[in-house]
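Here the structure comes first, spelled out in structure tokens, and everything after it is commentary.
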Amino acid sequence: MVRFLPPQLSRLLTIALQAGVHKDGLAPSAVGAPSAGASWALAAVPDNPLAMGGPYRAPLRRAGRLPPKRYTFGVRTAQDDAVPADEALQKLIDGNKRFLAGKAETWRNVSTARLKALAAFGQKPMAAVVGCADSRAPVELLFDAPPGEIFVLRNAGNTLSNAEGSVAGSLEFSVNSLGVKLVLFLGHTNCGAIKGATETFLEAQQRKAGVRPQALLDSLLVGLSPIVEQAKLDLGGNATAEAIAAEAVEVNVFAGMQKLLLYSESIREKVKTGEVQLHGAVFDIATGEVKFLGQHPRLPLILGMSSTYAGRR
Numbered sequence: 074m075v076r077f078l079p080p081q082l083s084r085l086l087t088i089a090l091q092a093g094v095h096k097d098g099l100a101p102s103a104v105g106a107p108s109a110g111a112s113w114a115l116a117a118v119p120d121n122p123l124a125m126g127g128p129y130r131a132p133l134r135r136a137g138r139l140p141p142k143r144y145t146f147g148v149r150t151a152q153d154d155a156v157p158a159d160e161a162l163q164k165l166i167d168g169n170k171r172f173l174a175g176k177a178e179t180w181r182n183v184s185t186a187r188l189k190a191l192a193a194f195g196q197k198p199m200a201a202v203v204g205c206a207d208s209r210a211p212v213e214l215l216f217d218a219p220p221g222e223i224f225v226l227r228n229a230g231n232t233l234s235n236a237e238g239s240v241a242g243s244l245e246f247s248v249n250s251l252g253v254k255l256v257l258f259l260g261h262t263n264c265g266a267i268k269g270a271t272e273t274f275l276e277a278q279q280r281k282a283g284v285r286p287q288a289l290l291d292s293l294l295v296g297l298s299p300i301v302e303q304a305k306l307d308l309g310g311n312a313t314a315e316a317i318a319a320e321a322v323e324v325n326v327f328a329g330m331q332k333l334l335l336y337s338e339s340i341r342e343k344v345k346t347g348e349v350q351l352h353g354a355v356f357d358i359a360t361g362e363v364k365f366l367g368q369h370p371r372l373p374l375i376l377g378m379s380s381t382y383a384g385r386r
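Quick note, the sequence shown lines up with residues 74 to 386 if you use the numbering used here.
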């Protein structure tokens, strides 16, 4: 039976069709990109268009009586359900495997129709990634992830320097407003910021004097000194500058997780309940492989600490 569609719903269905909605209402692949030879068709319009989603179906979905909404409009939008942390992590792992195998296809299938769907229906990224600003570490490409999948934050050294910074606030936005369940801190080999911080720290030790920052970059490098010092202690007294810098990359990843938990009360509470997970990883810029480090080894201890930002809001 053909029914009249209101203009708003008609537009919604048109965008969905252009973006490539699978006949089952899902994208045919895990990242929402059509696979070769995939059959695409618009889902049938039910007698009650409101039954397609919205508050009427939400209680049933939360009760586990309906499958989670995925790629309703061919890409992940705010109309889809949040992705659990374990599932999001596996998608990142699988995406990097495709990248390494030379089978990354996502960005070849990005179309203006899919971008319009994201603009029209909002974003619902599956994960947030704090990465380095280094041009050799393009986050979305490493994980074969299209627009709308990853909430990306990048700066030199993938650092979380203070609670008032844009990184901490942006992560709270991604978790509390966008529903992100996984936050990944991504370092990389041969990081220039970490190398610079290592050199600055070792030179100051030789002179037995601190460094007085002369520029914003100096402040960044000095701020990473505790990371370098911990890496040096971990390796012992005879470690070379190169070895210390390499160790400091991983130390910095775990330090970022710890700082976020101490800076953000809301994220820490969600981590306590298991709703959100923080993981670390290191990207090898020579091979393209991402080494996943897991959660912080001292997570229970950190969760028991008081927020360093409490009472200052």
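Even for Gly, the Cβ is constructed at its ideal location relative to N, Cα and C.
Unbroken beta strand (DSSP E) run spanning Ile223, endpoints: Position 150 of the sequence shown, counted from the first residue, corresponds to residue 223. First-last of the beta strand (DSSP E) with Ile223: 223-228.
Validate contact between the stretch 347-364 and the stretch 159-178 using beta carbons, cut 8 angstroms, 3 pairs: By the criterion of at least three beta-carbon pairs nearer than 8 angstroms, the stretch 347-364 is in contact with the stretch 159-178.
Backbone CA spacing between Leu376 and Lys345 [nearest angstrom]: Working through the sequence shown from its first residue, we reach residue 376 at position 303. Working through the sequence shown from its first residue, we reach residue 345 at position 272. Roughly 7 angstroms separates the two Cα atoms.
Residue interval of the beta strand (DSSP E) (run including Val202): Against the sequence shown, residue 202 aligns to sequence position 129. Residues 200-205.
Member of Arg187, Leu308, Ala161 whose CA lies at the smallest distance from the CA of Gly252: Numbered from its first residue, the sequence shown carries residue 252 at position 179. For Gly252, the nearest C-alpha among the options comes from Ala161.
According to DSSP, residues forming a beta bridge with Leu351: Along the sequence shown, one-based indexing puts residue 351 at 278. Partner(s): Val256.
For Glu276 and Glu315, the rounded distance between their alpha carbons: Taking the first residue of the sequence shown as position 1, residue 315 is located at position 242. Taking the first residue of the sequence shown as position 1, residue 276 is located at position 203. Answer to the nearest angstrom: the Cα atoms are 14 angstroms apart.
Inter-residue spacing [alpha-carbon to alpha-carbon] between Val240 and Gly309: Within the sequence shown, the letter at position 167 stands for residue 240. Within the sequence shown, the letter at position 236 stands for residue 309. Across the structure, Val240 and Gly309 are spaced so that their CA atoms are roughly 32 angstroms apart.
Alpha helix (DSSP H) segments (min. 4 residues) lying fully within the stretch 325-373: 338-346
Where Gln152 falls: helix, strand or coil (DSSP): The residue you call residue 152 lines up with position 79 of the sequence shown. In this structure, Gln152 counts as coil in the three-state DSSP scheme.
Leu259 beta carbon less than 8 angstroms from that of Leu333: Position 260 of the sequence shown, counted from the start, is the residue given in the question as residue 333. Position 186 of the sequence shown, counted from the start, is the residue given in the question as residue 259. No, the Cβ-Cβ distance between Leu333 and Leu259 is not below 8 angstroms.
Contiguous alpha helix (DSSP H) assignments of at least 4 residues, all confined to the stretch 161-204: Qualifying alpha helix (DSSP H) stretches, in chain order: 185-194.
Asn249, enclosing alpha helix (DSSP H) - first and last residue: Translated into positions along the sequence shown, residue 249 becomes position 176. Following the DSSP letters along the chain, one finds Asn249 inside the alpha helix (DSSP H) bounded by residues 239-249.
Segment limits, alpha helix (DSSP H) that includes Gly147: The residue given as residue 147 occupies position 74 in the sequence shown. Per DSSP, Gly147 belongs to no alpha helix (DSSP H) and is neither H nor E.
Anticipated Cβ contact below 8 angstroms, Leu191 with Pro220, distance rounded: Here residue 191 is taken as the residue at index 118 of the sequence shown, counted from 1. Here residue 220 is taken as the residue at index 147 of the sequence shown, counted from 1. 6 angstroms between Cβ atoms; contact.
CB contact flag (Met199, Val148, <8 angstroms): Taking the first residue of the sequence shown as 1, we reach residue 199 at position 126. Taking the first residue of the sequence shown as 1, we reach residue 148 at position 75. Result no, Cβ atoms of Met199 and Val148 do not sit closer than 8 angstroms.
When Ala312, Pro211, Gly269, Tyr144 are compared against Glu202, the one with the closest alpha-carbon: Here residue 202 refers to the residue found at position 129 of the sequence shown. The residue asked about is misnamed: residue 202 is Val in this sequence, not Glu. Measuring from the Cα of Val202, the nearest candidate turns out to be Pro211.
Ser112 burial status per 10 Å Cβ neighbour count (16 or more: buried): The residue given as residue 112 occupies position 39 in the sequence shown. Legend: pLDDT at Ser112 = 26, less than 50; position of this residue unreliable, no value from coordinates given.
Sub-8 angstroms separation of Leu255 and Ala270 beta-carbons: If you number the sequence shown from 1, residue 255 lands on position 182. If you number the sequence shown from 1, residue 270 lands on position 197. No. Outside cutoff.
Cβ distance (whole Å) where Val301 is taken to contact Ala321 below 8 angstroms: Position 228 of the sequence shown, counting from 1, holds the residue named residue 301. Position 248 of the sequence shown, counting from 1, holds the residue named residue 321. Contact holds; Cβ gap of about 5 angstroms.
Residue environment, Thr185, which counts as buried when at least 16 other CB atoms sit within 10 Å: What you label residue 185 is simply residue 112 of the sequence shown in a count that begins at 1. Burial call: exposed.
Residues of its chain near Gly265, where Cβ-Cβ distance is below 7 angstroms and the 5 sequence neighbours each way are ignored: Position 192 of the sequence shown holds residue 265. Answer for Gly265: Asp207, listed in chain order.
Contacts around Gln163, its chain only, beta-carbon distance under 6 angstroms, and the 5 residues preceding and following it disregarded: Walking along the sequence shown from the start, residue 163 turns up at place 90. Closer than 6 angstroms at Cβ, skipping near neighbours: no residue.
Supposed contact pair Gly242 and His225 - C-beta distance, whole angstroms, cut 8 angstroms: Working through the sequence shown from its first residue, we reach residue 225 at position 152. Working through the sequence shown from its first residue, we reach residue 242 at position 169. The sequence given here places Val at residue 225; His does not occur at that position. Your pair Val225 and Gly242 does not check out as a contact, with CB atoms roughly 15 angstroms apart and the cut at 8 angstroms.
Burial state of Arg371, where buried means 16 or more other Cβ atoms lie within 10 Å: As a position in the sequence shown, residue 371 is number 298, starting the count at 1. Flag for Arg371 reads exposed.
Whole-angstrom distance between Lys197 and Glu222, CA atom to CA atom: Here residue 222 refers to the residue found at position 149 when the sequence shown is read from its first residue. Here residue 197 refers to the residue found at position 124 when the sequence shown is read from its first residue. It is roughly 7 angstroms from the alpha-carbon of Glu222 to the alpha-carbon of Lys197.
Reference Glu342; option with closest CA among Gln278, Ser380, Thr360: As a first step, residue 342 must be located in the sequence shown, where it is residue number 269. The residue with the shortest Cα to Cα distance from Glu342 is Ser380.
Burial state of Gly105, where buried means 16 or more other Cβ atoms lie within 10 Å: As a working mapping, residue 105 is identified with position 32 in the sequence shown. Confidence at Gly105 is low in this model, with a pLDDT of 41, below 50, so the placement of that residue should be treated as unreliable; the coordinate-derived value is given next. Answer is buried; the Cβ neighbour count reaches 16.
8 angstroms Cβ cutoff met for Asp159 and Lys142: Taking the first residue of the sequence shown as position 1, residue 159 is located at position 86. Taking the first residue of the sequence shown as position 1, residue 142 is located at position 69. No, the Cβ-Cβ distance between Asp159 and Lys142 is not below 8 angstroms.
Cβ-based burial, Thr360 [other Cβ within 10 Å; buried from 16]: The residue you call residue 360 lines up with position 287 of the sequence shown. Under this definition Thr360 is an exposed residue.
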